[in-house]
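Trainee: This is the structure, below, for whatever I ask next.
Number of protein chains: 2
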Amino acid sequence: MAKPKIRLLLVDDHLVVRIGLRSLLEMQPDMTIVAEAASGTAALKEFERHQPDLTLMDLRMPGMGGAETIAAIRASFPAARVLVLTTFDTDEDIFRALQAGACGYLLKNTDSEPLLKTIRAVHAGTYRLPAEVAARLAQRLAAPELSPREREVLELIVKGRSNKEVGSALGVAENTVKNHVKVILDKLGVRDRTQAATTAIQRGIVRL
Amino acid sequence: MAKPKIRLLLVDDHLVVRIGLRSLLEMQPDMTIVAEAASGTAALKEFERHQPDLTLMDLRMPGMGGAETIAAIRASFPAARVLVLTTFDTDEDIFRALQAGACGYLLKNTDSEPLLKTIRAVHAGTYRLPAEVAARLAQRLAAPELSPREREVLELIVKGRSNKEVGSALGVAENTVKNHVKVILDKLGVRDRTQAATTAIQRGIVRL
DNA sequence: CGGTAAATAGCCCGATGGGGCTAACTCGGC
DNA sequence: GCCGAGTTAGCCCCATCGGGCTATTTACCG
Numbered sequence: 001m002a003k004p005k006i007r008l009l010l011v012d013d014h015l016v017v018r019i020g021l022r023s024l025l026e027m028q029p030d031m032t033i034v035a036e037a038a039s040g041t042a043a044l045k046e047f048e049r050h051q052p053d054l055t056l057m058d059l060r061m062p063g064m065g066g067a068e069t070i071a072a073i074r075a076s077f078p079a080a081r082v083l084v085l086t087t088f089d090t091d092e093d094i095f096r097a098l099q100a101g102a103c104g105y106l107l108k109n110t111d112s113e114p115l116l117k118t119i120r121a122v123h124a125g126t127y128r129l130p131a132e133v134a135a136r137l138a139q140r141l142a143a144p145e146l147s148p149r150e151r152e153v154l155e156l157i158v159k160g161r162s163n164k165e166v167g168s169a170l171g172v173a174e175n176t177v178k179n180h181v182k183v184i185l186d187k188l189g190v191r192d193r194t195q196a197a198t199t200a201i202q203r204g205i206v207r208l
Numbered sequence: 001m002a003k004p005k006i007r008l009l010l011v012d013d014h015l016v017v018r019i020g021l022r023s024l025l026e027m028q029p030d031m032t033i034v035a036e037a038a039s040g041t042a043a044l045k046e047f048e049r050h051q052p053d054l055t056l057m058d059l060r061m062p063g064m065g066g067a068e069t070i071a072a073i074r075a076s077f078p079a080a081r082v083l084v085l086t087t088f089d090t091d092e093d094i095f096r097a098l099q100a101g102a103c104g105y106l107l108k109n110t111d112s113e114p115l116l117k118t119i120r121a122v123h124a125g126t127y128r129l130p131a132e133v134a135a136r137l138a139q140r141l142a143a144p145e146l147s148p149r150e151r152e153v154l155e156l157i158v159k160g161r162s163n164k165e166v167g168s169a170l171g172v173a174e175n176t177v178k179n180h181v182k183v184i185l186d187k188l189g190v191r192d193r194t195q196a197a198t199t200a201i202q203r204g205i206v207r208l
């Protein structure tokens, strides 16, 4: 008797991507797609119903994002294996996804061979993150994290608020904001608020 | 005898998207895909070879971007019809694509029915831009354009350079830079360089 | 040839930003 | 009960920024 196929769940809000993945993966003798979902909430339902061996998950989706979805799935099914398949590769995205329990990370513009290889490797439990990604991840872990308040201030900086405006928005003195800003600049390793804003966007710390 | 099919060229650097589109479109009785390309330069070659009725084009691609590719195609084949199919929808993207001669604009997360409908409409020449897009486009047209020099300064602002640094980078006096900055802030309708940076990124005026 | 726009450069000046420093208070952990 | 981190807030000081203004040169367009 043949080996059991890898049972896959596809989660992506892009119709054409779901079709493309389905066409590609259903052609493989050792893979079968048991369900598809176009949103995080739908993904949860489908996962519960089918308990697939492996989930291919887009990160940026309307409504519940990919990272939250992964976390939600793994809260109920700690053994769930999820492979992130996304267009973007900001450090923050990768980090949050792996933090949430993703087993791997692939960009959508990869060819079919590495894609299939990675799916099989993740399923077999032999997948290793690419060295370059691991390096960035290590750097991300080494970097000091922003406190909740600091992240709040940073978001307002990105929105172009002045220190005074941030202060009144948060109900604190301008001096307090200036202190937060100082710490933020220090932690991000930048010199001024403009650099803070752009690197925050670049690293995915704040959504634009 | 049957009506001739719509001969399509697919241009997208994402393999799964090409597969998905091909699967979806080849199922239609009135459509056929004559070629695919994963880059702008490849798209040019395939267009010349097959001269398709309609080209589906991704905008963000490594190497030659979608807008440039459209412009290059239409330089040789002014009658070429190109429908942009992309993930992003910044005003700049839309604007540049239509400026380059695109006939329409679709997001990749659209369902199959509107997608097919739009393809047929563009082919038939009856396609109209959605009112919301047209409105943004009008606004974009009303907005004063940045001069090349101003765009150059804006890019350096986004990189977090100070006026003085921008000056030495461009070989001009700081006062000159300050003048450019003033004009930029005015044209973008913002108050300071941080807002200029974030709105520039948001509108897609500069690439991050 | 005159007008317009871009790019250059200077001036003044008030507002904002950022560095360095101290110092409360609070809360959770050891 | 103390220690550390987070949040709060103040101080001084100077660099940078941004607004308002004028002016020259170049280049293009009608």
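Line order of the protein sequences matches chains W and G. The first sequence lines up with residues 1 to 208 when you count with the numbering used here. The second sequence lines up with residues 1 to 208 when you count with the numbering used here. Cβ atoms here follow ideal geometry from the backbone N, Cα and C, with glycine treated the same way. Computed from a prediction, not measured in an experiment: that's the story for all the values here.
Assign G:R186 to one of two classes, buried (16 or more other C-beta atoms within 10 Å of its C-beta) or exposed (fewer than that).
Mentor: The displayed chain sequence assigns Asp, not Arg, to residue 186 of chain G. Its Cβ having fewer than 16 others within 10 Å, G:D186 is exposed.
Trainee: G:L56 to W:L44, Cα distance in whole Å?
Mentor: Roughly 33 Å between the two C-alpha positions.
Trainee: Within the 8 Å Cβ cut-off, does W:D89 reach chain G?
Mentor: No, no contact with chain G.
Trainee: Quick check on the burial criterion: 16 or more other C-beta atoms within 10 angstroms. Buried or exposed for G:R161?
Mentor: By the 10 Å Cβ count, G:R161 comes out buried.
Trainee: Quick check on W:K108 - is its C-beta less than 8 Å from some C-beta in chain G?
Mentor: Yes, contact with chain G.
Trainee: Give the interface partners of W:V16 over in chain G, defined as CB-CB distance under 7 Å, in chain order.
Mentor: Those within 7 Å of W:V16 in chain G are V17, G20, L21, L24, K108.
Trainee: So who's on the other strand from W:M31, going by DSSP bridges?
Mentor: According to DSSP, W:M31 bridges with W:I6.
Trainee: Strictly below 7 Å CB to CB, what residues from chain W border G:S112?
Mentor: Here the neighbours are L15.
Trainee: Below 8 Å, can you find three or more Cβ-Cβ pairs linking the region 67-79 of chain W to the region 79-98 of chain G?
Mentor: Output reads no: the region 79-98 of chain G does not touch the region 67-79 of chain W.
Trainee: Can you give me, in chain order, the residues of the region 143-168 of chain W that have a beta carbon less than 9 Å from any beta carbon in chain G?
Mentor: Within the region 143-168 of chain W, the residues whose Cβ lies closer than 9 Å to some Cβ of chain G are I157, V158, K159, G160, R161, S162, listed in chain order.
Trainee: Around the C-beta of G:K164, are 16 or more other C-beta atoms found within 10 angstroms, so that it is buried, or is it exposed?
Mentor: Exposed, because fewer than 16 other Cβ atoms sit within 10 Å of the Cβ of G:K164.
Trainee: Between the region 114-134 of chain W and the region 112-127 of chain G, do at least 3 Cβ pairs fall closer than 8 Å?
Mentor: Contact between the region 114-134 of chain W and the region 112-127 of chain G is absent, because fewer than three Cβ pairs lie under 8 Å.
Trainee: Using C-beta distances below 6 Å, list every residue in its chain close to W:I205, excluding the 5 sequence neighbours before and after it, in chain order.
Mentor: For W:I205, where only same-chain residues beyond five positions count, the Cβ hits under 6 Å are E92.
Trainee: Have a look at G:Y105 and G:P130 and give me their C-alpha separation to the nearest angstrom.
Mentor: Each residue's Cα considered, the two are about 9 Å apart.
Trainee: Report all residues from its chain with a CB closer than 6 Å to the CB of W:L37; omit the five preceding and five following residues, and keep chain order.
Mentor: Before going on, a small fix: residue 37 of chain W reads as Ala here, not Leu. V11, A43, E46, listed in sequence order.
Trainee: At 4 residues or longer, what runs of the alpha helix (DSSP H) sit wholly inside the region 112-151 of chain G?
Mentor: Runs found: 112-124, 131-142.
Trainee: Could you list which residues in chain W have their beta carbon closer than 7 Å to that of G:A72, in chain order?
Mentor: Simply none; closest approach about 22 Å.
Trainee: Beta carbon of W:L8, beta carbon of W:T32: below 8 Å?
Mentor: Result yes, Cβ atoms of W:L8 and W:T32 sit closer than 8 Å.
Trainee: For W:T198, would you say it is in contact with chain G, using Cβ-to-Cβ distances shorter than 8 Å as the test?
Mentor: With 8 Å as the cut-off, W:T198 counts as an interface residue toward chain G.
Trainee: What does the alpha-carbon distance come out to for the pair W:S76 and W:P52?
Mentor: If you take the alpha carbons of W:S76 and W:P52, they lie about 13 Å apart.
Trainee: Is the shortest distance between the beta-carbon of W:Q28 and the beta-carbons of chain G less than 8 Å?
Mentor: Answer no: the Cβ-Cβ gap between W:Q28 and chain G never drops below 8 Å.
Trainee: Give the secondary structure of W:T194 by DSSP, where H, G and I count as helix, E and B as strand, and everything else as coil.
Mentor: Residue state, collapsed to three classes: helix.
Trainee: Under the three-state reduction of DSSP, which class applies to W:L85: helix, strand or coil?
Mentor: Strand, per DSSP.
Trainee: Ordered along the chain, which non-local residues of its own chain (more than five positions away) have a Cβ less than 6 Å from that of W:A35?
Mentor: Contacts found: L9, E46, H50.
Trainee: For G:G204, does the three-state DSSP call read helix, strand or coil?
Mentor: Coil.
Trainee: For G:R191, collect the residues of the same chain with a Cβ closer than 8 Å to its Cβ; drop the 5 residues on either side in sequence, then sort them by chain order.
Mentor: Result list for G:R191: L185, in chain order.
Trainee: Give the secondary structure of W:V11 by DSSP, where H, G and I count as helix, E and B as strand, and everything else as coil.
Mentor: W:V11: strand per DSSP, three-state reduction.
Trainee: Just to confirm, are W:Q28 and W:L137 a CB contact at a threshold of 8 Å?
Mentor: Result no, Cβ atoms of W:Q28 and W:L137 do not sit closer than 8 Å.
Trainee: Could you work out which residues of chain W lie near G:T194, taking near to mean beta carbons separated by less than 7 Å?
Mentor: Going along chain W in sequence order, the residues near G:T194 (Cβ under 7 Å) are I157, G160, R193, T194, A197.
Trainee: Provide the residue(s) that pair with G:L54 in DSSP beta bridges, ordered along the chain.
Mentor: Partner(s): G:L8.
Trainee: What residues are listed by DSSP as bridge partners for W:A37?
Mentor: Answer is W:V11.
Trainee: Looking at chain G, is there any beta carbon in it that lies within less than 8 Å of the beta carbon of W:V190?
Mentor: For W:V190, the answer is yes, since a Cβ of chain G falls inside 8 Å of its Cβ.
Trainee: W:I201 versus chain G: which residues are under 8 Å apart at the beta carbon?
Mentor: Those are T198, I201, L208, listed as they occur along chain G.
Trainee: Sorted by chain position, which residues of the same chain lie with C-beta nearer than 7 Å to G:D13's C-beta, five sequence neighbours on each side aside?
Mentor: Cβ within range, chain order: A38, S39, D58, M61, P62.
Trainee: For the alpha helix (DSSP H) containing G:G167, name the first residue and the last one.
Mentor: Looking at the DSSP string, the run of the alpha helix (DSSP H) that includes G:G167 is 163-170.
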